[in-house]
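What follows is a single structure, written as structure tokens, with notes after it.
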Amino acid sequence: MAKLRLWGSLSAMAVITLFMAACYEYHDDTYLDELDVTLSYYDTNYNFQNNTTFAIRDSVGIISDYLSDSEIANFYKPGGGNDDIKTLVRANLVALGYTEVSEDANFDFGVNLVVGAVENTEYYYSWWYGYYGYYGWYYGGWYPYYGYPWYPVSYTYQKGALLMEMVDGESLRDYREWAEDKTQGEIENADPDEVPDINFVWQSIVSGVAGSEKAYNQQRTERGINEAFDQSPYLIK
Amino acid sequence: MKKLLIISLFALFSAGSFSYAQDGNPYLQKSLMTFSYQMGFPTGDLKEFLPENDYLGWDFELKSMVTHNLALGGHIGYQGFYKKYPRDTYEFPQGAITTTIFKYYYTIPMQMVATWFFTPESMVQPYLGMNIGVNYNERRGEIGIYLLEDNSWNFSFAPEAGVIVPFGKYAQWGANVRAKYNYNVYNRDEDITMDFNNLAYWNMMIGLTYTW
Numbered sequence: 099m100a101k102l103r104l105w106g107s108l109s110a111m112a113v114i115t116l117f118m119a120a121c122y123e124y125h126d127d128t129y130l131d132e133l134d135v136t137l138s139y140y141d142t143n144y145n146f147q148n149n150t151t152f153a154i155r156d157s158v159g160i161i162s163d164y165l166s167d168s169e170i171a172n173f174y175k176p177g178g179g180n181d182d183i184k185t186l187v188r189a190n191l192v193a194l195g196y197t198e199v200s201e202d203a204n205f206d207f208g209v210n211l212v213v214g215a216v217e218n219t220e221y222y223y224s225w226w227y228g229y230y231g232y233y234g235w236y237y238g239g240w241y242p243y244y245g246y247p248w249y250p251v252s253y254t255y256q257k258g259a260l261l262m263e264m265v266d267g268e269s270l271r272d273y274r275e276w277a278e279d280k281t282q283g284e285i286e287n288a289d290p291d292e293v294p295d296i297n298f299v300w301q302s303i304v305s306g307v308a309g310s311e312k313a314y315n316q317q318r319t320e321r322g323i324n325e326a327f328d329q330s331p332y333l334i335k
Numbered sequence: 017m018k019k020l021l022i023i024s025l026f027a028l029f030s031a032g033s034f035s036y037a038q039d040g041n042p043y044l045q046k047s048l049m050t051f052s053y054q055m056g057f058p059t060g061d062l063k064e065f066l067p068e069n070d071y072l073g074w075d076f077e078l079k080s081m082v083t084h085n086l087a088l089g090g091h092i093g094y095q096g097f098y099k100k101y102p103r104d105t106y107e108f109p110q111g112a113i114t115t116t117i118f119k120y121y122y123t124i125p126m127q128m129v130a131t132w133f134f135t136p137e138s139m140v141q142p143y144l145g146m147n148i149g150v151n152y153n154e155r156r157g158e159i160g161i162y163l164l165e166d167n168s169w170n171f172s173f174a175p176e177a178g179v180i181v182p183f184g185k186y187a188q189w190g191a192n193v194r195a196k197y198n199y200n201v202y203n204r205d206e207d208i209t210m211d212f213n214n215l216a217y218w219n220m221m222i223g224l225t226y227t228w
């Protein structure tokens with residue numbers, strides 16, 4: 099009888115322990131770079147192998163709502179982010195078998211690079227903290243009970259994206275020729291049927307949440323650029 | 017949240033509405049309360065979406081004998097499935113994407129339960145049960161920082177088979193081991209990644225039953 103009671107008590111403790119453990123779900127920590135996305139898509143009707151030369155636009159464009167003037171100036175200084183991005187894109191295209199020429203030449207591809215850096219602020223009502231180790235945000239909808247204070251919580255994060263575009267050279271020259279003698283206003287108000295189409299033959303976006311360490315962000319950007327070309331085997335000459 | 021509370025309270029306290037005294041039964045009394053640890057094993061479309069077992073589920077059940085063999089009551093439980101797909105490249109017709117993918121499926125069943133005990137006066141009590149009610153389902157896919165989420169309430173039923181072994185004559189505690197098949201009526205034809213005809217998973221449960 100005593101033995102049975104002992105086994106009974108031990109079983110009870112085991113089950114209760116498992117029950118309590120089940121209430122606490124733990125997933126592996128998620129690192130920022132795991133959330134990075136590299137996406138590419140291309141014109142499936144375009145024959146990349148018939149083309150040889152490319153020209154990279156002189157500067158990487160920036161669209162941002164939070165970068166300061168000094169941060170932007172640092173980006174464009176010699177050896178800054180502008181040079182690093184162009185150098186790596188150039189290296190990947192050369193490795194694929196293409197030859198760089200100047201912007202004045204009759205290049206087969208024009209390469210346009212743009213960096214976007216925006217700041218997001220999210221709000222939620224904090225009532226119960228759960229899902230330790232789970233990266234992300236849990237939308238509210240929990241109704242507050244009397245006696246349990248609930249309060250709005252906000253957090254801000256910065257998202258970065260690098261857009262890489264390859265444009266058919268001939269279509270770009272046709273457009274430039276058409277726009278050459280027009281003002282900005284005339285271009286913006288022109289009849290769409292009259293505007294020569296610019297043929298984007300390959301586009302890629304590398305995006306993620308910015309970390310606090312510049313070197314970490316730079317390493318992730320470089321990884322994304324390499325991934326964009328690795329996942330595009332149709333570009334190989 | 018309010019809906020969840022009302023349904024679970026109704027299921028649990030309905031157990032007290034009907035009762036049948038088990039006079040002279042040293043092993044099974046009028047009411048039964050069971051805490052269970054449960055493991056979840058996805059099947060069918062759910063397994064295709066998220067092929068990962070979960071070993072951290074729980075269940076709480078309350079029921080009363082209404083005839084010599086039949087008990088009625090309710091239960092509430094929880095199971096959470098999760099899988100992380102390490103960074104990899106996925107191709108589609110016009111390009112490709114490289115990212116880490118996280119998939120989650122959380123489910124909270126809230127059901128009425130009917131249990132048939134074949135030999136309520138014996139030391140070992142095998143039973144068959146049927147659970148009918150609803151599940152709150154939260155199915156989520158995260159592609160980097162982009163979220164695809166589907167939350168819904170679904171009609172569900174869950175047949176089960178198990179055995180209770182009391183810890184002795186007149187003992188109010190006993191071990192409860194059972195297997196349960198959970199089926200959610202769930203249809204999704206416009207899902208970006210795949211179609212769903214159901215959400216179903218198996219449970220293996222080990223618990224403690226208290227009878228009084």
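One line per chain: the protein sequences are Y and U, in this order.
Start counting at 1 in the first sequence, then tack on 98, and there's your number in the numbering used here.
Start counting at 1 in the second sequence, then tack on 16, and there's your number in the numbering used here.
Using N, Cα and C, we set each Cβ at its ideal position, and we do this for glycine too.
- Message: Count Cβ pairs between the segment 328 to 335 of chain Y and the segment 181 to 191 of chain U that sit closer than 8 Å; are there 3 or more?
- Response: Not touching, per the Cβ criterion.
- Give the straight-line distance between the Cα atoms of residue 238 of chain Y and residue 149 of chain Y, rounded to the nearest whole angstrom. Reliability fails at residue 238 of chain Y, whose pLDDT of 37 lies under 50, so the model's placement of it is uncertain and the value that follows must be treated cautiously. Near 53 Å, if we compare the C-alpha coordinates of residue 149 of chain Y and residue 238 of chain Y.
- residue 138 of chain Y CB to nearest chain U CB: under 8 Å? Residue 138 of chain Y counts as touching chain U.
- Query: Taking all protein chains shown into account, do 16 or more other C-beta atoms lie within 10 angstroms of the C-beta of residue 282 of chain Y, making it buried, or fewer, making it exposed?
  - Reply: Classified as exposed, residue 282 of chain Y has fewer than 16 neighbouring CB atoms from the shown chains inside 10 Å of its CB.
- With a threshold of 7 Å, establish whether the CB of residue 44 of chain U neighbours any heavy atom of the ligand SAM. The model on display carries no ligand, and the ligand SAM is accordingly not part of it.
- Item | Chain-order list of residues whose beta-carbon lies under 8 Å from that of residue 336 of chain Y (same chain, five-residue window excluded) | Within the shown structure, residues of chain Y are numbered from 99 to 335, placing residue 336 of chain Y beyond reach of any answer.
- Item | Beta-carbon proximity check, residue 99 of chain U vs residue 62 of chain U, cutoff 8 Å | For residue 99 of chain U and residue 62 of chain U, no; Cβs fall outside 8 Å.
- Please report the residue range of the beta strand (DSSP E) in which residue 59 of chain U lies. Taken as a continuous stretch (DSSP letters only), the beta strand (DSSP E) holding residue 59 of chain U covers 47 to 59.
- Item | chain Y within 8 Å of residue 155 of chain U, Cβ atoms only | Output row for residue 155 of chain U: interface = no.
- Task: Have a look at residue 82 of chain U and residue 58 of chain U and give me their C-alpha separation to the nearest angstrom.
- Result: Rounded to the nearest angstrom, the two C-alpha atoms are 33 Å apart.
- Using a Cβ cut-off of 8 Å (strictly closer), state whether residue 163 of chain Y contacts chain U. Taking Cβ atoms only, chain U never reaches closer than 8 Å to residue 163 of chain Y, which makes this a no.
- Item | Touch test, the segment 45 to 53 of chain U against the segment 76 to 90 of chain U, Cβ-Cβ under 8 Å, three pairs minimum | With the cut-off at 8 Å, the segment 45 to 53 of chain U and the segment 76 to 90 of chain U touch.
- Starting from residue 127 of chain U and walking both ways along the beta strand (DSSP E), at which residues does that stretch end? Run containing residue 127 of chain U: 111 to 133, per the beta strand (DSSP E) assignment.
- Item | Among U:157, U:228 and U:174, the one whose alpha carbon lies nearest that of residue 97 of chain U | Per the Cα distances, U:157.
- Message: Counting C-beta neighbours from all protein chains within 10 Å, is the total for residue 74 of chain U 16 or more, i.e. buried, or is it exposed?
- Response: That one is buried.
- Message: Just verifying my parser: in three-state terms, what is the DSSP assignment at residue 239 of chain Y?
- Response: Low confidence applies to residue 239 of chain Y: its pLDDT is 36, below 50, so where it sits in the model is not reliable, and the reading given next is rough at best. In the structure shown, residue 239 of chain Y adopts coil according to DSSP, grouped into three states.
- Message: Just to confirm my understanding: we take residue 309 of chain Y, look at its own chain, exclude 5 residues before and 5 after, and list those with CB closer than 6 Å. What are they?
- Response: If we look at residue 309 of chain Y and ignore the five residues flanking it on each side, its Cβ neighbours are 130 and 315.
- Message: Using C-beta distances below 8 Å, list every residue in its chain close to residue 219 of chain Y, excluding the 5 sequence neighbours before and after it, in chain order.
- Response: The residues are 252, 253 and 254.
- Would you mind sorting residue 145 of chain U into buried or exposed? The rule is 16 or more other CB atoms within 10 Å of its CB. Buried, since its Cβ has 16 or more Cβ neighbours within 10 Å.
- Task: Taking residue 224 of chain U as the reference, give the member of U:210, U:196, U:203 and U:190 with the closest Cα.
- Result: Closest by alpha carbon: U:190.
- Task: Please name the residue in U:155, U:218 and U:153 whose C-alpha comes closest to that of residue 71 of chain U.
- Result: If we check each option's Cα against that of residue 71 of chain U, U:218 comes out closest.
- Task: For residue 316 of chain Y, decide whether its Cβ has a neighbour in chain U, counting only Cβ atoms nearer than 8 Å.
- Result: The Cβ of residue 316 of chain Y sits no closer than 8 Å to any Cβ of chain U.
- Going by CA-CA distance only, name the one from U:155, U:226 and U:114 that's closest to residue 304 of chain Y. Nearest option by C-alpha distance: U:114.
- Query: What is the C-beta distance between residue 256 of chain Y and residue 284 of chain Y, in whole angstroms, given that I count them as a contact (C-beta under 8 Å)?
  - Reply: Contact flag wrong, Cβ pair sits at about 37 Å.
- Mind listing which residues of the segment 163 to 193 of chain U have their C-beta closer than 8 Å to chain Y's C-betas, in chain order? Cβ contacts with chain Y: 163, 183, 184, 187, 189 and 191.
- At 7 Å on the CB atoms, spell out the chain Y contacts of residue 141 of chain U, in chain order. Chain Y residues near residue 141 of chain U: none, gap ~16 Å exceeds 7 Å.
- Message: For residue 323 of chain Y, would you say it is in contact with chain U, using Cβ-to-Cβ distances shorter than 8 Å as the test?
- Response: Closer than 8 Å: no.
- Starting from the Cα of residue 313 of chain Y, find the closest Cα among Y:137, Y:182 and Y:165 and give me that residue. For the set Y:137, Y:182 and Y:165, the Cα lying nearest the Cα of residue 313 of chain Y is the one of Y:182.
- Task: Leaving out five residues on either side along the sequence, give the residues of the same chain with a beta carbon under 6 Å from the beta carbon of residue 168 of chain U.
- Result: 153, listed in sequence order.
- In this structure, what does DSSP give as the bridge partners for residue 99 of chain U? Here residue 99 of chain U is bridged, per DSSP, to U:119.
- Item | From Y:168, Y:306 and Y:317, residue whose alpha carbon lies closest to that of residue 135 of chain Y | Of the residues Y:168, Y:306 and Y:317, the one whose Cα lies closest to the Cα of residue 135 of chain Y is Y:306.
- Task: Just the C-alpha distance for residue 139 of chain Y and residue 205 of chain Y, rounded to the nearest angstrom, thanks.
- Result: Looking at the two C-alpha atoms, the distance is approximately 21 Å.
- Is the CB-CB distance between residue 268 of chain Y and residue 301 of chain Y below 8 Å? No, the Cβ-Cβ distance between residue 268 of chain Y and residue 301 of chain Y is not below 8 Å.
- Task: Just grab the DSSP bridge partners of residue 161 of chain Y for me.
- Result: Paired residue(s): Y:214.
- Message: Determine, for residue 3 of chain U, whether the minimum Cβ-Cβ distance to residues of chain Y falls below 8 Å.
- Response: No statement about residue 3 of chain U is possible, as the shown extent of chain U runs from 17 to 228 and does not include it.
- Task: For residue 195 of chain U, decide whether its Cβ has a neighbour in chain Y, counting only Cβ atoms nearer than 8 Å.
- Result: Between residue 195 of chain U and chain Y, the shortest Cβ-Cβ separation is not below 8 Å.
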